[in-house]
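Notes for the one structure printed next.
Residue numbers (my numbering): -11 to 175.
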């Protein structure tokens, strides 16, 4: 239903601001429905209409990055996240850009770069314990990949302390402990 509403708004050719908003929101709806190509097309149009820094511009770049990542265009996704970070948006969008870019870097095997992005994310999200726990677990996984087992154990412990329901982080912690020779602790 939301897509049809935004289709109607776009056809009416409203002001540039409303048009940009409509393209971003329709892109979001398409992204939610798994239509990554359609979402990218809408985000491209929003970016074309809104060349100066604004919330809608940063959301368009951020979510276009998500759609690109979903389609396997990890490099394109990182480029979009880089733009968002350079635009220095409000905290929630900036946090999302860092965590998404960290995930993309990790997928490309750039675990050092991913860890740096997760560091920035943690610095910005200390008050949100569930999200911080997720980011600590992601950073622990990246540290495990580069054989920083002590760092992986430490970050896993922090993630577990913040949110003991994150099941995957226990596997990361146990693998790191095992790599350190602490077999008795790696349950």
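The C-beta atom is built at its ideal place from N, Cα and C for all residues, glycine as well.
From a predicted model like this one, the values you see are computed outputs, not experimental measurements.
Check                                                                                                                                                               : Outcome
In whole angstroms, what separates the C-alpha of residue 38 from that of residue 161?                                                                              : 45 angstroms
Let's see if you can read the secondary structure: which residues bound the alpha helix (DSSP H) around residue 48?                                                 : 43 to 58
In the structure shown, what three-state DSSP assignment does residue 38 receive?                                                                                   : coil
May I ask which residues mark the beginning and end of the alpha helix (DSSP H) holding residue 126?                                                                : 117 to 133
So residue 24 packs on residue 55, CB below 8 angstroms; how close in whole Å?                                                                                      : 4 angstroms
Would you call the CB atoms of residue 140 and residue 164 closer than 8 angstroms?                                                                                 : yes
Under a three-way DSSP split, which group does residue 170 fall into?                                                                                               : coil
If contacts are defined as beta-carbon pairs under 8 angstroms, then residue 48 and residue 31 qualify, I think. What distance do you get, rounded to the angstrom? : 4 angstroms
Have a look at residue 96 and residue 128 and give me their C-alpha separation to the nearest angstrom.                                                             : 17 angstroms
Pick from 19, 33, 15: whose alpha carbon is nearest that of residue 4?                                                                                              : 33
Going by DSSP in three states, residue 79 sits in which element: helix, strand or coil?                                                                             : helix
State buried or exposed for residue 88, treating a residue as buried only when at least 16 other CB atoms are found within 10 Å of its CB.                          : buried
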